[in-house]
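What follows is a set of notes on a single structure, which appears directly below.
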Amino acid sequence: MKKWIVILFALLPSLVMAAGAKVHLDQANNDLSDKASLQNGAKLFMNYCFGCHSTQYQRYERVANDLGIPLDLMKENLIFDPKAKVGSLMENAIPDKSAAKWFGAPPPDLTLVARVRGVDWLYTYLRSFYADPSRPFGVNNIIFPSVGMPHVLEELQGIPHPVYETKIVDGEEHKVVVRTETNGRGELNREEYDNAVRDLVNFLEYSGDPVKLERHALGWWVMAFLVIFTVVVVFLKKEYWRDVH
1 MKKWIVILFA
11 LLPSLVMAAG
21 AKVHLDQANN
31 DLSDKASLQN
41 GAKLFMNYCF
51 GCHSTQYQRY
61 ERVANDLGIP
71 LDLMKENLIF
81 DPKAKVGSLM
91 ENAIPDKSAA
101 KWFGAPPPDL
111 TLVARVRGVD
121 WLYTYLRSFY
131 ADPSRPFGVN
141 NIIFPSVGMP
151 HVLEELQGIP
161 HPVYETKIVD
171 GEEHKVVVRT
181 ETNGRGELNR
191 EEYDNAVRDL
201 VNFLEYSGDP
211 VKLERHALGW
221 WVMAFLVIFT
231 VVVVFLKKEY
241 WRDVH
């Protein structure tokens with residue numbers, strides 16, 4: 001049973017992406033080696049996302065060390081819970097019951113969201129909100145219809161309005177939202193907002209796999225060792241079998 005659970009967990013990202021294959025996803029093109037991007041992403045996450053979503057499988061100290069953030073700056077600017085210590089897990093203070101009452105369900109932990117959804121999905125999702133007065137929080141999302149969360153980055157982007165196109169679905173015409181346009185009143189212009197979202201997604205990708213770069217670097221050394229070891233084994237085989245032939 002455990003074996004099948006492990007296999008299912010390993011295949012989950014592929015299954016999720018396959019289910020959303022009909023949706024066009026913009027490429028995030030983020031860079032895990034860009035410390036400035038990761039630092040800005042951590043700042044954006046803590047200021048705009050952490051009020052509802054936690055990353056409970058991370059610790060503040062580990063994030064600070066990995067991202068090159070001095071511990072005193074981490075304590076002063078990115079730890080908002082007065083009871084939390086620098087070595088604490090990054091858990092928010094919102095009770096699950098209250099969150100379920102306000103949002104319909106407790107907001108999920110986001111430590112592994114980039115591994116489950118994919119970075120391109122997250123990048124497109126955070127840039128696909130649009131104003132929809134019929135929704136409880138006044139917004140909807142192109143790739144996540146009937147989304148149950150507010151557009152928390154609205155003050156940065158401005159109010160995004162939907163742009164419709166008429167498409168034929170099952171022989172009938174339907175108006176569908178294909179993109180958004182903002183009112184231009186956000187703190188950032190379009191390019192700056194895209195870069196900010198890319199930084200946020202970069203941080204979430206790091207959160208899901210903090211040792212990804214180290215693992216990839218180690219992989220090259222392992223491959224080099226295997227190549228050298230193979231050459232040695234071939235020569236040893238020839239030496240041992242020379243007299244036999």
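Residues in the sequence shown are numbered consecutively from 1, following full-length UniProt numbering.
C-beta atoms are modelled at their ideal positions from N, C-alpha and C, and glycine is treated no differently.
If you're wondering where the values come from, they're calculated on a predicted model, not measured in any experiment.
Exercise. How many angstroms separate the CA atom of Ala21 from the CA atom of Leu110?
Worked result: Unreliable positioning characterises Ala21 in this predicted model, as indicated by a pLDDT of 43, which lies under 50. A coordinate reading is not provided.
For this session: Determine the DSSP secondary structure at Ala21, reduced to helix, strand or coil.
Result: Residue confidence for Ala21 is low, a pLDDT of 43 falling below 50, so the modelled location carries little weight and cannot support an answer.
For this session: Please list, in chain order, all residues of the same chain as Leu44 whose beta carbon is under 7 angstroms from its beta carbon, the five residues on each side excluded.
Result: Beyond the five residues adjoining it in sequence on each side, Leu44 comes within less than 7 angstroms, by CB distance, of Ala196, Asp199, Leu200 in the same chain, given in chain order.
Problem set entry | Stretch pair the segment 106 to 125 + the segment 22 to 36: three plus CB contacts closer than 8 angstroms | Output reads yes: the segment 22 to 36 touches the segment 106 to 125.
For this session: Could you check the C-alpha separation between Ala64 and Gln157 for me, to the nearest Å?
Result: Taking the straight line from one Cα to the other gives about 27 angstroms.
Exercise. Taking C-beta to C-beta, are Gln58 and Leu89 nearer than 9 angstroms?
Worked result: Yes.
Exercise. Got a sec, what are the start and stop residues for the beta strand (DSSP E) Gln56 sits in?
Worked result: Looking at the DSSP string, the run of the beta strand (DSSP E) that includes Gln56 is 55 to 59.
Exercise. Taking the Cβ atom as the reference point for each residue, do Lys101 and Val86 lie within a distance shorter than 9 angstroms?
Worked result: Val86 sits away from Lys101, with the two beta carbons spaced by 9 angstroms or more.
For this session: Have a look at Cys52 and Asp66 and give me their C-alpha separation to the nearest angstrom.
Result: Taken atom to atom, the span from the alpha-carbon of Cys52 to that of Asp66 is near 24 angstroms.
For this session: Tell me whether Val176 sits in a helix, a strand or coil according to DSSP, three-state version.
Result: Reduced to three states, the DSSP call for Val176 is strand.
For this session: Quick one: using the 10 Å Cβ neighbour count with 16 as the cut-off for buried, is Glu214 buried or exposed?
Result: Exposed: under 16 other Cβ atoms inside 10 Å.
For this session: Compute the Euclidean distance between the alpha carbons of Cys49 and Ser134, then round it to the nearest angstrom.
Result: Roughly 23 angstroms separates the two Cα atoms.
Exercise. Rounded to a whole number of angstroms, what is the C-alpha to C-alpha distance between Ala114 and Ser37?
Worked result: Taking the straight line joining both Cα atoms gives about 16 angstroms.
For this session: With DSSP collapsed to three states, give me the class of Leu89.
Result: Strand at Leu89.
Exercise. Is the beta carbon of Met149 sitting closer than 9 angstroms to the one on Phe203?
Worked result: Taking C-beta atoms as the reference points, Met149 and Phe203 fail to come closer than 9 angstroms.
Exercise. With which residues is Val139 paired in a DSSP beta bridge?
Worked result: Ala131, per the DSSP bridge assignment.
Exercise. Taking C-alpha atoms, which residue in Leu73, Asn183, Glu205 lies nearest to Tyr130?
Worked result: Taking the Cα of Tyr130 as reference, the smallest distance to any Cα among Leu73, Asn183, Glu205 is reached at Asn183.
Exercise. Alpha carbon to alpha carbon, how far is Thr230 from Trp220?
Worked result: A straight line joining the alpha-carbon of Thr230 with that of Trp220 spans about 15 angstroms.
Problem set entry | Those residues which DSSP pairs with His161 across a bridge | Bridge partners of His161: Glu181.
Exercise. Quick one: what does DSSP say Lys167 is sitting in, helix, strand or coil?
Worked result: When DSSP states are grouped into helix, strand and coil, Lys167 belongs to the strand group.
For this session: Tell me, to the nearest whole angstrom, how far the beta carbon of Val178 is from that of Val163; I am working on the premise that it is less than 8 angstroms.
Result: With 8 angstroms as the limit, Val178 and Val163 qualify as a contact, their Cβ atoms being about 6 angstroms apart.
Problem set entry | For Gln39, three-class secondary structure by DSSP | When secondary structure is reduced to three states using DSSP, Gln39 falls in the helix class.
For this session: Enumerate in chain order the residues of its own chain whose CB-to-CB distance from Pro70 is below 8 angstroms, with the five nearest sequence positions on each side excluded.
Result: So the list reads Ala64, once near-sequence residues are dropped.
For this session: Measure the C-alpha to C-alpha separation of Tyr240 and Leu226 and round it to an integer number of angstroms.
Result: Spanning the two alpha carbons is a distance of roughly 21 angstroms.
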